[in-house]
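The working numbering applies: residue 2 is where the sequence shown begins, and numbers increase by one.
Here is the structure we will look at.
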Amino acid sequence: MIISQTPLRISFFGGGTDFKEFYDVEPGCVISSAIDKYIFVTIKERFDDKIRVGYTRTELVDSIDEVEHDLVRECLRLTGITKRVEINTMADIPSQGSGLGSSSSVTVGLLHAMYAYLGTPQDHATLARRACEIEIHALKKPIGRQDQYIAAYGGQRFISFCNGDDVKVESVTIDPRVARRLNQNLMLFYTNVARKAESVLAEQRQNIEARRDILREMKRMAMVARGCLEQGELDEFGALMHDAWLLKKQLASKISNSQIDDLYNTALRAGALGGKITGAGGGGFLMLYCPRHKQDGVRDALHHLSELPFHLERDGTKVIFNYRR
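In C-alpha cells form, the structure reads like this:
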C-alpha cells in the first residue's frame with residue numbers, strides 16, 4: 002500500500018498571469034504558499050482485475066474508460082495502470098469549491114502515489130508538469146499552472162511562467178521570525194458560498210487580452226510583494242493584498258459579489274489590512290491579513306463564519322507510507 006500526502010495552498014499575488022494566454026505573450030509570475038491541510042491518496046493492489054475508486058462515491062469498474070472520476074481516470078491512463086488496483090482519496094477539509102487548489106493537489110497526489118506504486122518515483126517538476134498535462138490538456142480545464150507546482154514543491158514560492166510552458170520555481174527567502182509573524186497575521190474564513198471555479202476561470206481566461214494591463218500590474222505587485230516578504234515588511238504586504246484584490250475583481254464578473262464584498266468590507270472595518278477570496282473567486286475561503294492585536298475584533302465581526310486555523314507548510318507532496326509484501 003502507498004499513501005501520498007499533498008498540501009492545499011493559498012495564493013497571494015499574480016493569479017491570472019499563469020494562464021497560457023498571458024504568459025505566451027509576456028512572462029507571468031505568482032506568489033503562493035502551501036498550507037498544512039492535505040489531500041491523501043491511497044493505492045493498493047486488488048485480488049481481482051477490477052479497478053475500485055473511493056471518494057465521495059465508490060466506483061467498481063472493469064476498465065479505465067469506465068472510471069467516472071476524471072482525475073483518477075486520466076492519471077491511470079498516463080501512468081499505464083490498467084487493472085487490479087484500489088484507489089482512495091481523502092481531504093482534510095471539504096475540498097469542492099474551497100478555492101484552496103484541491104483539484105491540482107488531488108492530481109499531483111494521485112500521480113505521486115501511482116508512480117510510487119509502480120516503483121518509478123518522479124521528481125517535483127515532473128509531477129507538476131504531468132498534472133498540468135492532465136488538467137489543462139487532457140481534460141481541457143480553463144485553469145492556470147500555479148496550483149500544480151505549489152502542490153508538488155510546497156513551501157512559499159515565487160513561480161514564473163514563460164512562453165513554451167517553461168516554469169521556474171523559486172523559494173521566497175523569509176526570515177523564520179518573519180514567517181512566524183506572517184502566519185500569525187493570516188486568517189481564513191469560510192464564506193459559506195460554494196462555487197465552481199471553472200465558470201469563473203473560463204470568463205477570466207476569455208478576458209485576458211482586454212484586461213492585460215490589469216494583469217501586468219498584478220504581476221508587478223507580485224514582484225513587490227516578494228520584496229516585502231524578504232525584507233520583513235509584512236504590513237506593507239497586507240496592504241498590497243488589498244490593492245491586488247481590487248484589481249482581481251476586475252478580471253471577471255463572478256470573482257466577487259455583494260455578499261463577498263460585504264464580508265470583506267466588514268473585516269477591513271474591524272482591523273484587517275487586506276485580503277482576498279482564495280483561488281478563482283466567487284466563494285470558498287476569505288483570506289485576510291490582520292495584525293494579531295486586531296484579530297479578535299475581526300472574529301467578532303465575522304462570528305457567523307467558520308474560521309480555519311492553519312499553518313504555512315514547508316513540504317510539498319510526499320509519500321508517507323510505502324509497504325510492500
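We put the CB at the ideal spot given by N, CA and C, even for glycine.
None of the values given here were measured: they were computed from a predicted structure.
Check residue i in the structure and name its three-state DSSP category.
| i | result |
| --- | --- |
| A180 | helix |
| F238 | helix |
| S172 | strand |
| A1 | Only positions 2 to 326 of the chain appear in this structure, which leaves residue 1 out of reach. |
| K255 | coil |
| V86 | strand |
| E69 | coil |
| E308 | strand |
| M188 | strand |
| D167 | strand |
| N266 | helix |
| L289 | strand |
| G275 | strand |
| A126 | helix |
| L248 | helix |
| A211 | coil |
| L79 | helix |
Can you tell me where the beta strand (DSSP E) holding residue i begins and where it ends?
| i | result |
| --- | --- |
| Y39 | G29 to E46 |
| C163 | Q157 to C163 |
| V62 | T59 to V62 |
| L282 | Residue identity check: residue 282 is Gly in the sequence provided, not Leu. Per DSSP, G282 belongs to no beta strand (DSSP E) and is neither H nor E. |
| V54 | I52 to G55 |
| L9 | I3 to F14 |
| I321 | K319 to N323 |
On the DSSP letters alone, give me the boundaries of the alpha helix (DSSP H) that residue i sits inside.
| i | result |
| --- | --- |
| K141 | That residue, K141, is in no alpha helix (DSSP H); it is neither H nor E in DSSP. |
| K295 | Unbroken run through K295: none, as it is neither H nor E. |
| F23 | K21 to Y24 |
| S200 | A198 to Q207 |
| Q97 | Per DSSP, Q97 belongs to no alpha helix (DSSP H) and is neither H nor E. |
| I151 | Q147 to Y154 |
Residues in its own chain within less than 8 Å of residue i by CB, not counting five upstream and five downstream?
| i | result |
| --- | --- |
| C229 | L235, E237, F238 and L241 |
| K51 | L61, V62, D63, K84 and R85 |
Could you check the C-alpha separation between residue i and residue j for me, to the nearest Å?
| i | j | result |
| --- | --- | --- |
| K197 | L269 | 26 Å |
| A302 | R146 | 35 Å |
| E60 | V54 | 5 Å |
| E218 | S161 | 15 Å |
| S105 | I261 | 25 Å |
| F311 | M188 | 8 Å |
| D167 | G284 | 31 Å |
| R182 | A245 | 21 Å |
| G29 | E22 | 10 Å |
| I209 | L119 | 40 Å |
| Y290 | I65 | 44 Å |
| R58 | G233 | 46 Å |
| I4 | R325 | 12 Å |
| K38 | I44 | 20 Å |
| C195 | L202 | Contrary to the premise, residue 195 reads as Ala rather than Cys in this sequence. So the alpha carbons of these two residues sit roughly 15 Å apart. |
| G165 | T121 | 27 Å |
| M224 | M2 | 42 Å |
| F41 | Y56 | 11 Å |
Can you tell which of the options has the C-alpha that lies nearest to the C-alpha of residue i?
| i | options | result |
| --- | --- | --- |
| E87 | Q97, V68 and L309 | V68 |
| M288 | K141, Y191 and E231 | Y191 |
| E199 | G98, V173 and S257 | G98 |
| C341 | C133, F41 and G17 | It is not possible to answer for residue 341, since the shown part of the chain is limited to 2 through 326. |
| S172 | R158, I256 and A180 | R158 |
| V72 | I321, Y265, I135 and N266 | Here the sequence assigns Leu to residue 72, which means Val is not the residue at that position. That would be I135, whose Cα lies nearest to the Cα of L72. |
Which residues in the same chain as residue i place their Cβ atom closer than 6 Å to its Cβ, once the five residues preceding and following it in sequence are excluded?
| i | result |
| --- | --- |
| G102 | L9, R10 and D148 |
| A271 | G298, V299 and A302 |
| S307 | Y191 |
Tell me which residues share the same chain as residue i and place their Cβ nearer than 7 Å to its Cβ, disregarding the 5 neighbours each side in the sequence.
| i | result |
| --- | --- |
| S327 | This structure cannot settle anything about residue 327, because the visible part of the chain is limited to 2 through 326. |
| Q251 | R212 and I215 |
| F20 | G145, R206 and I209 |
| R47 | R53, R85, V86 and E87 |
| P143 | E199, L202, A203 and R206 |
| G155 | P8, A35, E314, R315, D316 and G317 |
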